[in-house]
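Report on the following structure.
Written out as structure tokens, the structure is:
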């Protein structure tokens with residue numbers, strides 16, 4: 009069993025974030041559980057990379073002195089799996105907003121779909137979604153986007169190390185991606201659809217790895233609380 013000193017000196021906790029939880033909620037659940045268990049007034053705790061509420065999977069959470077490791081962990085290579093839905097787009101590039109445009113899919117073949125990922129391998133310029141937490145003039149982009157304001161987002165350099173299609177069952181296409189820090193899988197979905205001339209949005213996302221940390225070794229916030237006792 010972990011002691012109060014263990015958490016204060018520093019622990020790395022692997023959490024499998026449930027669907028619809030924010031990353032902040034997951035960190036908060038652990039923070040309150042640890043503080044309550046050991047009657048702590050204060051506890052330093054934070055995560056090494058946000059996951060959207062609509063995504064599940066690996067959150068690396070650091071406590072105590074290990075919070076200093078967060079910037080280093082945030083820079084690690086990440087792996088994701090998920091689903092693109094072809095034939096339509098949404099303003100947020102995922103399920104947060106409703107479909108705004110429909111596109112044909114009759115021209116798509118298995119070969120054309122499987123060939124597209126090659127276009128994205130290596131260092132590429134990617135435009136982050138307008139519905140993102142990036143800031144412009146001190147305001148988060150999604151705040152401006154929800155008000156219907158036009159926002160110009162600058163492209164950023166990212167790197168896609170691996171990108172494979174693992175299942176095709178139109179309109180759904182499953183994928184696995186290994187990528188650098190700062191990659192938006194939602195933008196990748198949007199650009200994937202554009203490359204196919206069919207539109208696409210991200211309909212499911214799971215983060216499976218951050219550096220050497222694997223979601224297979226993670227636990228849910230609720231199980232963590234139960235095991236803490």
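In our numbering, the protein residues as written are 9 to 237. We put the beta carbon where it would ideally sit given N, CA and C, even for glycine.
Taking DSSP as the reference, what is the three-state secondary structure of residue 37?
To locate residue 37, count along the chain shown from 1; it is residue 29. DSSP places residue 37 in helix when its eight states are reduced to three.
Quick check on the DSSP output: the alpha helix (DSSP H) that includes residue 12 runs from which residue to which?
Here residue 12 is taken as the residue at index 4 of the chain shown, counted from 1. That run of the alpha helix (DSSP H) goes 12-17.
Check each candidate in 60, 73, 12 and 200 and name the one with the smallest Cα separation from residue 45.
For the purposes of this step, residue 45 is taken as residue 37 along the chain shown, with counting starting at 1. For the residues 60, 73, 12 and 200, the minimum Cα distance to residue 45 belongs to 12.
On the DSSP bridge list, what partners appear for residue 24?
In the chain shown, residue 24 corresponds to position 16, counting from 1. Bridge partners of residue 24: 66.
Please confirm whether residue 159 and residue 149 have their CB atoms less than 8 Å apart.
Position 151 of the chain shown holds residue 159. Position 141 of the chain shown holds residue 149. Yes, the pair counts as a contact, with Cβ atoms nearer than the cut-off.
How would you call residue 40, buried or exposed, if buried means at least 16 neighbouring beta carbons within 10 angstroms?
As a first step, residue 40 is located in the chain shown; it is residue number 32 there, counting from the start. So residue 40 ends up on the exposed side.
Using the DSSP secondary-structure output, state which residues sit across from residue 58 in a beta bridge.
The residue given as residue 58 occupies position 50 in the chain shown. Paired residues: none, contrary to the question.
Taking three-plus beta-carbon pairs below 8 Å as touching, is the segment 131-147 in contact with the segment 186-197?
With the cut-off at 8 Å, the segment 131-147 and the segment 186-197 touch.
How is the beta strand (DSSP E) around residue 140 delimited, first residue to last?
Residue mapping note: residue 140 aligns to position 132 of the chain shown, counting from 1. That residue, residue 140, is in no beta strand (DSSP E); it is neither H nor E in DSSP.
Does the beta-carbon distance from residue 69 to residue 21 come in below 8 Å?
Start at 1 with the first residue of the chain shown, and residue 69 comes out as number 61. Start at 1 with the first residue of the chain shown, and residue 21 comes out as number 13. Cβ distance < 8 Å, so residue 69 and residue 21 count as in contact.
For residue 237 and residue 50, what's the separation of their Cα atoms in angstroms?
Indexing the chain shown from 1 puts residue 237 at position 229. Indexing the chain shown from 1 puts residue 50 at position 42. Whole-angstrom Cα-Cα distance: 19 Å.
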